[in-house]
Ligand code: AMP
């Protein structure tokens, strides 16, 4: 056939065709199942929020806010932004709907689309999907370890092998003060030799210079957050490591790991995979003990992570998904078609997927369609069958055909044999 499309999807967005959609559905089922096994509650939130929400919480100095947000004005001149990440919306929901009244500890998860204006490449899109988990109300290192474990459980259930875990502690605002002062004095003389981004970060968020890929060599002797941790933060990190050990989770300590967002405190972690090439991060997260207060709440510790589902899909083991339907109807005349139609509707109620030809094409064309749809069974009805009160039931795998009474329960009994 020679169809052509006058339109194409927009750069950085992706179409998910039926075969791939099956994998997405299975993946989302695994995510939901696992998250619920940890007693996380699913939340959904809007596609766009006020721009200020991200500016203030994700942080003015982050790449996301500086250059990646899809921001637009509504007709009333209000600035809105397509959500680039989930945590600000979850915290806003938590505060706006008084969810703190439901108990000291709240555990949420989400599966949502995110939007960032990045240069598209493999594993990096402008519209992508994330699942994320947030625990609000617990400051314990056990919570951080449990979060890590929940993501690893999902990778394992999906048979994704080779995910590595990097962890670090970037301390609390108290210990970070001393660290940032030392870091700035170390960087002062080196600034002219560092990239443009590092120069800007020097005044806006100097800690982020540590994870600059371009200048890695030049800053290898820089002071690190781990050298300045107060006793509380040190103990918290040790407890986090112990809990991971206890769960037999292998990890690398990456002293340069700081993560891109402004709100992180203490624990930070990321999941990486070498098969992903330059976009090797599958997910990441950390503790954000200051954010709830900053957004208007009480002093409340919290921790969470997000995993990119599109990247995770790239890591799924190769497996061809075959589209199929349980039952296809083939009929010889109008009256048989009506009788079969009714049977299909009963079978659908019982959970079978069923289809038929709505155009009443020839019997040969109906059989061809049953083949194309990979029907497991075909129900055949003609005048003779109708008169005898039966249907022909053909098992397409085995090629066997049987006469069965035209009775839904009897047909189901045969289908289940
Ligand atoms: P972040 O919210 O930046 O911590 O990202 C968490 C995860 O989301 C990353 O590890 C990626 O798997 C995924 N992710 C972030 N940005 C993109 C993007 N532009 N395209 C696809 N996945 C992304």
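Residue numbers (the working numbering): 208 to 624. A virtual CB, placed ideally from N, CA and C, is assigned to each residue, including glycine.
* Is residue 418 near ligand 1, in the sense that its beta carbon is under 6 Å from a heavy atom of that ligand? -> No, since every heavy atom of ligand 1 falls outside the 6 Å radius drawn around the Cβ of residue 418.
* Within 10 angstroms of the Cβ of residue 222, are there 16 or more other Cβ atoms? Answer buried if so, exposed if not. => Around the Cβ of residue 222, a 10 Å sphere holds fewer than 16 other Cβ atoms; the residue is exposed.
* Asked: For residue 458, which residues of its own chain have a beta-carbon under 6 Å away from its beta-carbon, when the five flanking residues on both sides are left out?
  -> Exclusion of the five residues before and after residue 458 leaves 372, 374, 451 as the residues of its chain whose Cβ lies within less than 6 Å of its Cβ.
* **Sub-7 Å separation of residue 467 and residue 269 beta-carbons** => Going by C-beta atoms, residue 467 is nearer than 7 Å to residue 269.
* Asked: In the structure shown, what three-state DSSP assignment does residue 372 receive?
  -> DSSP places residue 372 within a strand segment (E or B) once states are collapsed to three.
* In terms of residue numbering, what span does the alpha helix (DSSP H) encompassing residue 296 cover? -> Residue 296 -> alpha helix (DSSP H) spans 294 to 303.
* Taking three-plus beta-carbon pairs below 8 Å as touching, is the segment 486 to 495 in contact with the segment 402 to 410? -> No contact exists between the segment 486 to 495 and the segment 402 to 410.
* Return yes when the C-beta of residue 358 is under 6 Å from any heavy atom of ligand 1, and no when it is not. => Not so, every heavy atom of ligand 1 lies at least 6 Å from the Cβ.
* Asked: So residue 394 packs on residue 413, CB below 8 Å; how close in whole Å?
  -> Contact between residue 394 and residue 413 holds: their C-beta atoms lie close to 7 Å from each other, under 8 Å.
* To do: Write down every uninterrupted run of the alpha helix (DSSP H) in the segment 361 to 447 whose length is 4 residues or greater and which is fully enclosed by it, in chain order.
  => Taking only runs of at least 4 residues, the alpha helix (DSSP H) segments lying wholly in the segment 361 to 447 are 380 to 395, 403 to 411.
* To do: Please list the segments of the beta strand (DSSP E) lying wholly inside the segment 548 to 592, counting only runs of 3 or more residues, in order along the chain.
  => 584 to 588, all fully within the segment 548 to 592.
* Asked: Of all the alpha helix (DSSP H) runs that stay within the bounds of the segment 471 to 533, which reach a length of 4 or more residues?
  -> Qualifying alpha helix (DSSP H) stretches, in chain order: 498 to 501, 516 to 522.
* Which residues in the same chain as residue 436 place their Cβ atom closer than 8 Å to its Cβ, once the five residues preceding and following it in sequence are excluded? -> Hits under 8 Å: 376, 378, 382, 444.
* If you check the beta carbons only, do residue 261 and residue 250 fall under 7 Å apart? -> With contacts defined as CB atoms closer than 7 Å, residue 261 and residue 250 fail to qualify as a contacting pair.
* From the DSSP output, read off the bridge partner residues of residue 321. => Looking at the DSSP output, residue 321 bridges to 335.
* What is the residue span of the beta strand (DSSP E) that residue 611 lies within? -> Residues 607 to 612.
* To do: For residue 316, write down the residues that DSSP places opposite it in a beta bridge.
  => Its beta-bridge partners are 249, 340.
* Asked: For the alpha helix (DSSP H) that contains residue 237, what are its first and last residues?
  -> From DSSP, the alpha helix (DSSP H) with residue 237 extends over 225 to 244.
* What's the call for residue 304, buried or exposed, on a 16-neighbour Cβ count within 10 Å? -> Result: exposed.
* Asked: Under three-state DSSP, which class holds residue 267?
  -> Correct three-state label for residue 267: coil.
* **Among 597, 340, 480, the one whose alpha carbon lies nearest that of residue 521** => The residue with the shortest Cα to Cα distance from residue 521 is 480.
* To do: Output yes or no for whether 7 Å exceeds the beta carbon distance between residue 322 and residue 334.
  => Going by C-beta atoms, residue 322 is nearer than 7 Å to residue 334.
* To do: Alpha carbon to alpha carbon, how far is residue 572 from residue 275? Give it in angstroms, no decimals.
  => Roughly 51 Å separates the two Cα atoms.
* Asked: Helix, strand or coil: which one does DSSP assign to residue 274?
  -> In the three-state reduction of the DSSP assignment, residue 274 falls in the helix class.
* Would you list the one or two residues that DSSP bridges to residue 535? => Beta-bridge pairing links residue 535 to 562, 585.
* To do: Hey, could you find the ends of the alpha helix (DSSP H) residue 627 is sitting in?
  => Coverage of the chain is limited to positions 208 through 624, which leaves residue 627 absent and any answer about it impossible.
* Going by beta carbon distance, what residues of the same chain come within less than 7 Å of residue 570, once the five residues before and after it are set aside? -> Cβ neighbours of residue 570 beyond the five flanking positions: 537, 539.
* To do: For the beta strand (DSSP E) containing residue 286, list its first residue and its last residue.
  => Segment 286 to 289, the beta strand (DSSP E) holding residue 286.
* **Beta-carbon spacing of residue 613, residue 298 below 7 Å** => Result no, Cβ atoms of residue 613 and residue 298 do not sit closer than 7 Å.
* To do: Specify the secondary structure class of residue 211 as computed by DSSP and reduced to three states.
  => DSSP places residue 211 outside both helix and strand once states are collapsed to three, so it counts as coil.
* Touch test, the segment 584 to 591 against the segment 526 to 537, Cβ-Cβ under 8 Å, three pairs minimum -> Short answer: they touch.
* **beta-carbon residue 490 near ligand 1 non-hydrogen atom, thresh 6 Å** => Yes, the Cβ of residue 490 comes within 6 Å of a heavy atom of ligand 1.
* Indicate the three-state DSSP secondary structure (helix, strand or coil) for residue 449 in the structure shown. => Judged by DSSP in its simplified three-state form, residue 449 adopts helix.
* State the beta-bridge partners of residue 217 as determined by DSSP. => Residue 217 is bridged by DSSP to nothing; it lacks a bridge partner.
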